[in-house]
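Heads up: the protein sequence lines correspond to chains A and B, in order. The opening residue of the first sequence carries number 7 in my numbering; numbering runs sequentially from there. The opening residue of the second sequence carries number 7 in my numbering; numbering runs sequentially from there. We put the CB at the ideal spot given by N, CA and C, even for glycine. On a predicted model such as this, the values are computed, not experimentally measured, just so you know. Below is one structure, written out as structure tokens; comments come after it.
Protein chains: 2
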Amino acid sequence: MSNMIKIPTIDNIKNARRRIAPFIHQTPIFTSATLNAISSKALYFKCENLQKTGSFKARGATNALLSLCELDPPNAVATHSSGNHAAALSWAAGINGIKALIVMPENAPEAKINAVRHYGGEITFCRPTLKARETTLNRILEKTGARFIHPYDHQDIICGQGTAAIELLQSQFLDAVIAPVGGGGLLSGTSLAVRALSPKTKIYGAEPAKADDAYRSFQKGHLCKITNPNTVADGLRTNLSELTFAIIRQYVDNIFLADEEQIIKATRLMWERLKIIAEPSAAVPLAALWQNLDSIPEKKIGIIVSGGNMDLKSFGLFNPERQEN
Amino acid sequence: MSNMIKIPTIDNIKNARRRIAPFIHQTPIFTSATLNAISSKALYFKCENLQKTGSFKARGATNALLSLCELDPPNAVATHSSGNHAAALSWAAGINGIKALIVMPENAPEAKINAVRHYGGEITFCRPTLKARETTLNRILEKTGARFIHPYDHQDIICGQGTAAIELLQSQFLDAVIAPVGGGGLLSGTSLAVRALSPKTKIYGAEPAKADDAYRSFQKGHLCKITNPNTVADGLRTNLSELTFAIIRQYVDNIFLADEEQIIKATRLMWERLKIIAEPSAAVPLAALWQNLDSIPEKKIGIIVSGGNMDLKSFGLFNPERQEN
């Protein structure tokens, strides 16, 4: 397969940026004196949690959708996702007057279901297995003629996700950039952009130790899959694809792991010090940095804060039971 | 008393802005399509929760401290506060190499105590009564020669707090600005700045119904005090002073109340939609807007998000007991 894989170019990513610019936010970059002191680094947090739909996924979804529309506008697009891609595709389709058909497992969290509905996506529930998901999606594609937009195994998605790194690098020179890695769409797009625009900047992936397929694939040099990983970083439970692995293998300098406890600690410190809602997946780069300081000598480090979508109802203040006390 | 009160001018506030500019953040202004839709308004959130020390109080504290230093640099400054002013003054003093002596009630929340210590403030605890607080502070002032910087009953504090409104108005024309009101430092400074720079813009205060001293004072035309109000908006439990009331009475167009349930709902929606940590006090303007839509016809409304300091340990993810499940 590998020799058939076409890797996007920096021009593809720059085109993506022009295409999506009218629709997405150029997100701010935050710093914290306290987080710098704790980490002994100068950290620059690219806040994609403040992106439309609350994650970087709005970039890729918008690019994939607009690219389709330039060639042959579809009546509908479809995907399977229980996470941020589903919400982002629903939103991107909605603002372009196109239907979004989303296959979700019947046990998907209520907050994710609500987000997709909020943006106008039409949900079809399936049993929570990979097979049921694929069967249901294929049935929908055949019945409706909708175009499938994969969450990450897709050229236009990868190019869209790479646009955040362009903005990050435009702000200043960085010694390294760290992005979280799940299916690899964000990390592969980031690595393509950083390598082309700032060849001396190191590119690191950060992954939960409990979902370490990218780490193991990177170490062994061939694609390793894991099934049903259980990590609090729910956005990073997916496996790399042939395409994202081919890019990561070529352009990424290293992949570092983060334990659950560090991920939770990093999430809390980002809330407390940056005053932003970052989801656990978005705190994995900071957690991985803390756990691997010996292997990361670089000083000025950009971190992509991938998203901020999570269920907040367990917070004491928001908990109706609190009223009864 | 009233005829002896000197009200700051817009030039005082502009001078404050120049004075503090090298030390504080020009905070961003956020918008949310969903919050706009819910409110039937165009809302512009001035994010002072992203300010140094996590609240607008850094503006006033820095201005008061630098103003003192211009005349006669003190060895130490002192204040009584169990909240954001204590942290802000500790920080502003610290970066100028001056001691900050803070009187706090012995039952102050751990998070607030930690914040003051983090910024280098020296805490003296006292019994949780107004009398103990004043006695303790006076003893410290006599013993150390420290200069007292009141949290809001202070010209330079008011001028510093007014600088956030200058930044907000520079971004675009607004039909109205809403600021929360506790002791009145932020609202009085905001009203002075807005009235001078944008005479047609309405100026509203927002207050918890459970701590409605400013509302009642404004309605009755004389200063009304309340004791020990119990509201989740812990930054807004204080009473107006003669000085802040004199300014508010003259320049503010109206004061609106918010119930506890609406304050909590507004806090949660700001977390969910803006992806920022806003403390309940900072959600009072949005809550008061929702409760008083019939009285607020203005469309483009600036809201000052006063701070983001709160204890996050009750959140399920951060709760160590969760690990045992």
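Measuring straight from C-alpha to C-alpha, what distance separates B/A212 and B/S204? 20 angstroms
**Q.** At least 3 beta-carbon pairs within less than 8 angstroms: the region 70-77 of chain A vs the region 133-143 of chain A
**A.** no
*A/S287 to B/I108, Cα distance in whole Å?*
39 angstroms
* Asked: B/S197 and B/Y125: beta carbons closer than 9 angstroms?
  -> no
Give a yes or no on whether 9 angstroms exceeds the smallest Cβ distance from B/I270 to chain A.
-> yes
Going by other Cβ atoms of all chains shown within 10 Å of its Cβ, with 16 needed for buried, is A/E54 buried or exposed?
-> buried
Looking at chain A, is there any beta carbon in it that lies within less than 9 angstroms of the beta carbon of B/N55?
yes
Going along chain A, which residues have a C-beta under 7 angstroms from B/G3? Because chain B is modelled from 7 through 331, residue 3 of chain B falls outside the range shown and cannot be assessed.
Item to check | Inter-residue spacing [alpha-carbon to alpha-carbon] between A/L323 and B/I310 | outcome: 21 angstroms
- Which whole-angstrom value describes the C-beta separation of B/N333 and B/Y210, a residue pair presumed to lie in contact below a C-beta threshold of 8 angstroms? A query on residue 333 of chain B cannot be resolved here, the shown segment of chain B reaching from 7 to 331 and no further.
Would you mind listing the alpha helix (DSSP H) stretches within the region 72-133 of chain B that are 4+ residues and don't spill past its ends, in chain order? 90-101, 116-124
*Output the distance between the C-alpha atoms of A/R123 and B/T273, rounded to the nearest integer angstrom.*
Near 23 angstroms, if we compare the C-alpha coordinates of B/T273 and A/R123.
- Cβ shell of A/A335 (< 6 angstroms), same chain only, five flanking positions each side left out: As shown, chain A starts at 7 and ends at 331. That puts residue 335 of chain A outside it, with no answer to give.
* Asked: Three or more beta-carbon pairs under 8 angstroms between the region 23-33 of chain B and the region 126-134 of chain B, yes or no?
  -> no
In whole angstroms, give me the CA-to-CA distance for B/R222 and B/W277. 30 angstroms
* Answer yes or no: do A/K20 and A/G308 have a C-beta to C-beta separation smaller than 9 angstroms? => Going by C-beta atoms, A/K20 is not nearer than 9 angstroms to A/G308.
Notebook entry, point to check: Name the DSSP beta bridge partners of B/G313, please?
Noted result: DSSP, once it has assigned bridges, lists B/S61 as partnering B/G313.
Using a Cβ cut-off of 9 angstroms (strictly closer), state whether B/R65 contacts chain A.
no
_Along the chain, where does the beta strand (DSSP E) containing B/Y50 start, and where does it finish?_
48-53
Less than 9 angstroms between CB atoms is the rule here; does B/E278 satisfy it with respect to chain A? At least one beta carbon of chain A lies nearer than 9 angstroms to the beta carbon of B/E278.
| field | Within chain A, partners of B/G100 - CB distance below 7 angstroms | value | The premise fails here: B/G100 is roughly 11 angstroms from chain A at the closest Cβ pair, so nothing lies under 7 angstroms.
task = Report the three-state DSSP secondary structure of B/I282 (helix, strand or coil).
result = strand
**Message:** For a contact defined as C-beta to C-beta under 7 angstroms, what are the partners of A/P34 on chain B?
**Reply:** P34
Within chain C, the residues that B/F321 reaches when beta carbons sit closer than 7 angstroms
You won't find chain C in this structure, because its protein chains are A and B.
Could you tell me if B/D162 is buried or exposed, where buried requires 16 or more neighbouring beta carbons within 10 angstroms of its beta carbon? buried
For the alpha helix (DSSP H) containing A/C200, list its first residue and its last residue. In the sequence as displayed, the identity of residue 200 of chain A is Val instead of Cys. It spans 191-203 - the alpha helix (DSSP H) in which A/V200 sits, taken as one unbroken run.
Checklist entry - For A/L263, which residues does DSSP report across the bridge? => result In the DSSP output, where bridge partners are listed per residue, A/L263 has A/E213.
Please classify A/A252 as buried or exposed, where buried requires at least 16 other C-beta atoms within 10 Å of its C-beta. A/A252 sits buried, since 16 or more C-beta atoms from the chains shown fall within 10 Å of its C-beta.
Would A/F224 pass as an interface residue toward chain B - the criterion being a Cβ-Cβ separation below 9 angstroms?
Chain B has no Cβ within less than 9 angstroms of the Cβ of A/F224.
- [ ] State buried or exposed for A/Q57, treating a residue as buried only when at least 16 other CB atoms are found within 10 Å of its CB.
- [x] buried
Checklist entry - For the 8 angstroms Cβ check, are there 3 or more pairs between the region 30-46 of chain B and the region 77-88 of chain B? => result no
May I ask which residues mark the beginning and end of the alpha helix (DSSP H) holding B/A171?
-> 169-177
Supposed close pair B/D159, B/S301 - CB separation, criterion 8 angstroms: That belief does not hold up - the Cβ atoms of B/D159 and B/S301 are roughly 29 angstroms apart, past 8 angstroms.
Given 8 angstroms, three or more beta-carbon pairs between the region 149-159 of chain B and the region 170-182 of chain B: no
task = Using a Cβ cut-off of 7 angstroms, pull out every chain B residue sitting near A/R274, in sequence order please.
result = L318, F324
Item to complete: Could you check if A/D219 is buried or exposed, using at least 16 other CB atoms within 10 Å of its CB as the buried criterion?
Response: Looking at its Cβ environment, which holds 16 or more other Cβ atoms inside 10 Å, A/D219 is buried.
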